[in-house]
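Have a look at the structure below before the remarks.
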Amino acid sequence: MTNFSGKPLSPKTGNAACGGPQGGGMDSRRNGVAEISPKYLAEVASNAVPVGYKQTEVGVIPEDWECIPSKEIVSYLGGFAFSSKAATTDGIRWLKIANVGLNEVKWDAESYLPASYSQVHQDYLLGESDVVMALTRPILGDTLKVAILNETDAPALLNQRVAKLVPKNAGDQRFLYYLVQTSNFIAAMNLAMAGSDPPNIGTRALGDILVQVPKLPKEQTAIANALSDVDALISELEKLIAKKQAIKTATMQQLLTGRTRLPQFALREDGTPKGTKPSELGEIPEDWEVMRLGHLAKFFKGSGLPKSELSESGKIKCIHYGQLFTTYGPKIDRVISRTKNVGIVTSQENDVLMPTSDVTPNGLATASCITETGVTLGGDILIIRSDKQRLNGVFFSYLVNVLRDQVMQLVTGSTVYHLYGSDMAKFEFAFPSKEEQTAIATILSDMDAEIHALEQRLGKTRHIKQGMMQELLTGKTRLVQPSLTGVCHAD
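Numbering follows UniProt numbering, with no gaps: position 194 of the sequence shown is 194.
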C-alpha cells in the first residue's frame, strides 16, 4: 500500500501498528486499497492536483469525497441544564464537562442523578459507544476533549456544555469521533472560539465547520476500523503498563522492607527459614541492620548549571536538578544533556542524587543513582556519596520511594520546601547485606527497563496513529477502491 507521497506504508502501519490486535483495520483482506501510480507522484511533485483528486476549501481531497459543513453528516446534541439540587449519592451517572477527557471519559469526580431521570430525560440518555465532546475549554494544547463511552461508562445523563455527536445518513459514529480530532477541524474550532473567555463553542458553530468526507459509508467504516484497531492496541498497552507498574510497586514494598526474601537469602546455613527481630523501626529481618544515613554517607551539593547553559553542541555530560523530577528514575545509566562549561561538582559512580528545593514537598522524596563518574551536577542537587562496600545506590534510590513519608518528615520550609544533607543524615532505615541489596536493585531495575520499553512502544504507536489519521482522514491513502475511472492504479 502506498500513501499520498508515494512512500510505502509499512506492515506495522498497515495493520494496527507493532503487531496489535487483529481485526482488519488496514489489512488488505478487509479493505481494497487504491495504489498510487508514478504519474500521480509526478503531478504531486509539480504542485498540480493529482488525477482523481480535487482542490477544496479544506485542501486536496479525492474526487469522490465531499467538502461539506459538518452539520450535513452529524447532529450536535447539547446536554440538559440539570439542577445541582437534583444531585444524589447514587442513581444514574451525571456526565459533566469535567468528565470529558482526552479520548477518555474520566470519573475522578462522580456525580449522580435520580435513577428515574433516565426515563424522564431520555433525549439526554447516553449509552455505550456514544461520542461526547466538551463545548467549554474543549481544546487542551492541540488535542480535542472528545471521548467514546465504553460499557463501564454507560448509562449516563448528558449535562449542558457537553455535546453528543449523532451521525446522519447511516454514517459511522466512530468515523465522526476521529474526524473531529483532525488538525483542520480543531483549527476551525479555535477560529470560531476566538475572543471568548473562557473558550466556548456552540453546536451551530460546530455544524458550520467544513469537513472532508467519503461519500460511501463503507469507506467511512473502513477508516474507522483501521483507526479503531490502533486505538485497541494503545488501550492494551496502557493496561499492560499499568499492570506492570502495579506489580513493580508491590515488589518494591515486599523486597525493600524484607517482608519477602529472595530465595538465595531466605534460609540460614542449616536450611531453616530466617526470621525477624525487633528494632527501633519495628520488626525487620534477623540479618538486616538499622543505620542512620549519616553513618554511611557524605553529603555534597551541586553547583551552577542554569538551563541556559544546556547545549546540544556541548560535549560535557550534565544533569540539571529539574531533570530529577521529569527525566530520570531511580537509576541513571544514560545521561541525556550536555553543556560546554566544565562543572565545579561532578559525579562518582554510585552517587545518589536528590533535589534540594521544590514548591511542593512531595517532589523532594525523589532519588536517582547515577552509574557514571565525571558528570557535571547542577545546583539544587543533593549528592549522597555512600560507602560503596556497604550501600548500593540503586537500592537506596528505590528505598526512598518506598519510605517517602519518612523522607517527608525531614523536609523544611513553607512556600518553598527544602531538603538538605544535614536533614538526610538523620534518615534511618533498615538494609540487608550488599549482595542482597544488589540482587534487589537488579530485579527492580529490570522491571523498570521492561516498563520503559513498553512506554516507548506506546509512544511510537501513538505517533503511528497520528500519521494514519493524517493519511486516511484526508484521502491521501485510500482503503476502498475509488469509484471514479480517473484515478490511476499501479499495474
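For each residue, glycine too, the CB sits at the ideal point set by N, CA and C.
Note that the structure is predicted; figures quoted are calculated from it, not measured.
Cβ pair T366, L310 closer than 7 angstroms: no
DSSP three-state assignment for I209, whether helix, strand or coil: coil
Residues that S368 bridges to, as DSSP identifies them: L353
Reduced DSSP category for L102 - H, G, I as helix; E, B as strand; rest coil: coil
Continuous beta strand (DSSP E) stretch holding F431: start and end: E428 to F431
Nearest-angstrom Cβ-Cβ length linking residue 496 and T474, presumed shorter than 8 angstroms: Outside the displayed span of the chain (1 to 491) sits residue 496, for which this structure offers no information.
Counterpart residues of Y417 in DSSP-defined beta bridges: D358 and G413
Cβ neighbour criterion (16 or more within 10 Å) applied to N99: Residue environment for N99: buried (at least 16 other C-beta atoms within 10 angstroms of its C-beta).
Identity of the residue in H295, E349, I383 and R292 nearest H320 by Cα: I383
R174 versus K317, T376 and V146, residue with shortest Cα-Cα distance: V146
Span separating the alpha-carbon of G78 from that of L206: 11 angstroms
For P167, the nearest candidate out of G275, Q160 and Y177 (CA to CA): Y177
Own chain residues within Cβ distance below 7 angstroms of P11, not counting five before or after: Residue confidence for P11 is low, a pLDDT of 40 falling below 50, so the modelled location carries little weight; the figure read from the coordinates is stated next. Once the five neighbours on either side are set aside, P11 has no close Cβ partner at all.
Helix, strand or coil at Q389 [DSSP, three-state]: coil
Rounded separation between E128 and V105 - CA only: 12 angstroms
G459: first and last residue of the uninterrupted alpha helix (DSSP H) it sits in: First-last of the alpha helix (DSSP H) with G459: K434 to L472.
Rounded Cβ spacing between C369 and V352 (contact assumed at less than 8 angstroms): With a Cβ gap of about 5 angstroms, C369 and V352 count as contacting.
Coarse secondary structure for residue 493, derived from DSSP in three states: Only positions 1 to 491 of the chain appear in this structure, which leaves residue 493 out of reach.
Exposure of T376, with buried meaning 16 or more beta-carbon neighbours within 10 Å: buried
Three CB pairs or more closer than 8 angstroms across the segment 447 to 459 and the segment 235 to 245: yes
A246 - DSSP class collapsed to helix/strand/coil: helix
Residues that DSSP places opposite W288 in a beta bridge: Note: W288 sits in no beta bridge, so no partner.
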